[in-house]
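Colleague: Sharing a structure with you now.
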Amino acid sequence: MQYWLMKSEPATFGIEHLKTCPQRTSMWDGVRNYQVRNMLRDDFKKGDLAFFYHSSCPAPGIVGMVEICCTGYPDPTAFIPSHDHYDPKSRRESPSWYVVDVKFKRDFELISLDELRQHAALADMQVLKRGNRLSVTRISPEEWTCILSLR
DNA sequence: GCCAACGTTGGC
DNA sequence: GCCAACGTTGGC
């Protein structure tokens, strides 16, 4: 059982979108970064929990919690030529990219980036480090508990 | 395998 | 829209 933080741009796919999906569950597709791919493919397990983070928006921060529904499987959008996430280098026999399914668990009143930075116990979180570009990062159990205690 | 150029991310 | 940071690409 592991904890994660998953970033998404709310204009593209925010937590409000997730809540309108059937079973409030969606594929987390479109990851095109190898470090994140490796985590989705190798490390994510059914039952893991993740914070849902809104980035590249007026109020960046944690807005909710999701549960991981399955281990990673090949990203089907990479195989569809007309899709925005199409990647001709990804083949069905040797997929380049992976997804997991995530299910909505709960909302938070926004825990802003600024608020996260105010807690020394969270200072090591990758999402707070400058230059961080990973859309998925690990959260330690201590960090998870600390963030939950904020709401 | 080096490294410069380029593209993307994401807070501000 | 700026710009720092850093991943990716491709020539050599």
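Read left to right, the first sequence gives residues 9 to 159 (the numbering used here).
Glycine is no exception: its CB is placed at the ideal position from the N, C-alpha and C atoms.
Computed from a prediction, not measured in an experiment: that's the story for all the values here.
Under a three-way DSSP split, which group does Phe-112 fall into?
Modeller: Residue state, collapsed to three classes: strand.
Colleague: Going by beta-carbon coordinates alone, are Glu-32 and Met-73 separated by less than 8 Å?
Modeller: Sequence inspection shows Arg at residue 32; the Glu mentioned does not correspond to that position. Not closer than 8 Å, so no.
Colleague: Would you say Phe-52 and Val-108 are within 8 Å of each other, going by their C-beta atoms?
Modeller: Yes, Cβ-Cβ distance for Phe-52 and Val-108 is below 8 Å.
Colleague: Please list, in chain order, all residues of the same chain as Lys-15 whose beta carbon is under 6 Å from its beta carbon, the five residues on each side excluded.
Modeller: The residues are Tyr-61, Ser-63 and Ser-143.
Colleague: Are there 16 or more other CB atoms within 10 angstroms of the CB of Pro-30, so buried, or fewer, so exposed?
Modeller: Burial call: exposed.
Colleague: Looking at Tyr-94 and Ile-88, is the spacing between their C-beta atoms short of 8 Å?
Modeller: Cβ distance < 8 Å, so Ile-88 and Tyr-94 count as in contact.
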